[in-house]
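Residue numbers (my numbering), protein chains in the order written: chain C, 1 to 251; chain U, 1 to 273.
Where a beta carbon is used, it is the ideal one built from N, C-alpha and C, also for glycine.
Here the structure comes first, spelled out in C-alpha cells, and everything after it is commentary.
As C-alpha cells, then:
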C-alpha cells in the first residue's frame, strides 16, 4: 500500500445557510484498502463521498483521485475523472424494466460516447466484459432476467457490477447495506472486501453498523460533527470511541 | 407562580385550538349550502323546463320513426368517411405524440435544461390544451379550407396540450435513482436520457398515447360538424337534408367505430403492462 489513490486535504464545506458540514477533513485511501466511515446522521459522512465524487465542491481544501484534482474540474474533464470513481447507493438504482446485463452495460457508457449510444444503443463490444463483471459479483446466470425481478441483495450486487463496468480505480459506497437483510448485508461486505483485495480497488464505504465495520474494514474513520475523531485499524478502535460518535449530539 | 403562568398559557393555547377547530366543523355545512345555492342558480340559468321534454316527446318519436330502419344501402358510401375519421385520429395522435414528447421533456422539472425552456414549454402546452379541439378545427378550416386536413391539424394541436401535460407528469414522477447512478458512471446527458429516463417512462407514455388515440377517435367524429371531414361532416349533411335513415346508419357506424377504438386501445394497454 504505497501509492495513495484518494486523497482529501483540509476539506471544509460551508453551505450558503451558514451550516458547516465539514470542518477540515483530511484522510487518504490506497488501492486495495477498504475504509469504512462511521458517524451519526448529519456528521458529514455522505458529504465526504459527494465531495470525492465531484457532486459537491468543498469550500476549502481539495480532493484528488488518482492524482487528479476533482474539486478543480468541471464539464468533460470532470466526467472523465468521475469514471475512475464508481458509486454504490443505498438503493440499487437499476432500470427495472431492462435486463440485468443491459443495466451492467450502461456502466460502460462513459467510455463509449458515440451517437448510437446517445440514441439508446448499448455498446455491444462490451458484452463479454459486462458478463465478466456479473461473474465477479456471482450473478452471471441472472444476466437475461429483468432487473425488476431481483431481490434487494441481488439488485445491489448488480449495481456493484455496473460500477465495475466503468473500470473504476475507487468505489464509493453510501450506506450500501442500509436496506438489505443481515445475510445480504454480509454478502455485500464480503464482495466489497474481495474487490478491494483482488482488484486493487480503493473502497470507501459509509456504514451505520459498527460491527460490520469492525469485521470488514482495513481502517475505520470516525466522524463527528464534520471532524474526524479517529482514523485507525479496527483492532485499535475501542467500543468507547465508537459509542462517543453517537452521544450527546444535541449539545 | 411559574406553574400557574404555564398553566395559563396552555389553557390559552387550548382555547385558540378550539377556536381554530370550530370553523372546520361548520365547514361541511357551509360547503353543502354553497353548493345548493350554486345549483339553484344553475337551474335558472340553463332554463331547465321539464315540460318541454314532454311536449318534445312527439317530435322525438317522429324523428325516430323516420330514422328506422337505417339505410343500409348507403353503407358502402359511409366507408370512405369512416376511414377519414379513423385516419384523422391516427394522424393527429401521432403528430401530437411527436411534438408533445420533446415539449414534455422541457416541461418536466427534473429533465428541463433551464428555466426559460420550462416556462415556454409549459405555456405552449397550456395554450394547446385550453383551446378546445372544436375551436382549433374552426380556426384551421378557416386557414386551410374544408376537408379532413384541418381536422387532423386540430386533433394534433389539442393532443399536444393533453399529452404534453400528462407526459411531463410521468417524467416528473419517475425514480431518479438510475439517472443519478448513470451520471456517476460518467455518461453524457443524452446517454443518461436514452438509457435511464426513456426505458423507465416509455410504457406509461405508450399507455397514455393509446388512451389519447381512443379519445381522439371520438373527437374526430364531432370535428366534421365544423367542416373538418369524416363521418361528422356526413352526419351534418344528412341532418340538414332531413335524411334521418342515413343519420341512423351513420350513428350506427359511429357506435361501432367508438367501441372498436375503445376495445383496441384497452387491449393494447393491457398488453404493455
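When the alpha-carbon of residue 167 of chain U is set against those of U/204, U/38, U/140, the nearest one is in U/204. Residues of the segment 179 to 195 of chain U with a Cβ closer than 9 Å to any Cβ of chain C, in chain order: 179, 180, 181, 182, 183, 184, 185, 186, 187, 188, 189, 190, 191, 192, 193, 194, 195.
Cβ proximity to chain C below 9 Å picks out 196, 198, 199, 200, 202, 203 from the segment 196 to 229 of chain U. At least one CB atom of chain C sits nearer than 7 Å to the CB of residue 177 of chain U. Counting only residues of its own chain and dropping the five nearest sequence neighbours on each side, residue 212 of chain C has a CB closer than 6 Å to the CB of 189. For residue 230 of chain C, no chain U residue has a C-beta closer than 7 Å to its own C-beta; the minimum C-beta separation is roughly 29 Å.
Within the segment 11 to 56 of chain C, the complete beta strand (DSSP E) runs of at least 3 residues fall at 20 to 29, 34 to 39. Residue 199 of chain C: member of the alpha helix (DSSP H) spanning 182 to 199, first to last residue.
In the same chain as residue 21 of chain C, and ignoring 5 residues on each side of it, the C-beta atoms closer than 7 Å to its own belong to 13, 15, 44, 47, 226, in chain order.
Under the rule that a run must span 4 or more residues, the alpha helix (DSSP H) segments found entirely inside the segment 106 to 173 of chain U read 115 to 130, 133 to 144, 148 to 173.
For the 7 Å CB-CB criterion, residue 184 of chain U and residue 87 of chain C form a contact. Around the CB of residue 273 of chain U, fewer than 16 other CB atoms lie within 10 Å, so the residue is classed as exposed. Rounded to whole angstroms, the separation of the alpha carbons of residue 191 of chain U and residue 116 of chain C is 9 Å. Cβ neighbours of residue 156 of chain U within its own chain (closer than 6 Å, five residues either side excluded): 92, 95, 96. Taking C-beta atoms as the reference points, residue 186 of chain U and residue 105 of chain C fail to come closer than 7 Å. Your pair residue 175 of chain C and residue 203 of chain C does not check out as a contact, with CB atoms roughly 14 Å apart and the cut at 8 Å. Within the model, the alpha-carbon separation for residue 149 of chain C versus residue 126 of chain C is close to 24 Å. Residues of the segment 97 to 115 of chain C whose Cβ lies closer than 7 Å to any Cβ of chain U, in chain order: 97, 98, 106, 107, 109, 110, 113. Short of 6 Å from the beta carbon of residue 235 of chain U, and not among the five residues preceding or following it, lie these beta carbons of its own chain, in chain order: 250. Going by beta carbons, residue 104 of chain U and residue 95 of chain C fall outside the 7 Å limit. Counted as a single uninterrupted DSSP element, the beta strand (DSSP E) harbouring residue 60 of chain C occupies residues 60 to 65. Per the coordinates, the alpha-carbon of residue 271 of chain U lies some 16 Å from the alpha-carbon of residue 213 of chain U. With its beta carbon at least 7 Å from every one in chain U, residue 127 of chain C lies outside the interface. Between residue 244 of chain U and residue 63 of chain U, the C-beta gap is smaller than 7 Å, which places the two residues in contact.
Within its own chain, the residues whose Cβ lies closer than 8 Å to the Cβ of residue 223 of chain C, once the five positions on either side in sequence are excluded, are 25, 37, 38, 39, 43, 44, 45, 48, 229, 245, listed in chain order. For residue 122 of chain C, the secondary structure class from DSSP, reduced to helix, strand or coil, is coil. Not one beta carbon of chain U lies nearer than 7 Å to the beta carbon of residue 57 of chain C. Below 8 Å, too few C-beta pairs join the segment 111 to 131 of chain U and the segment 217 to 230 of chain U to call them touching: fewer than three.
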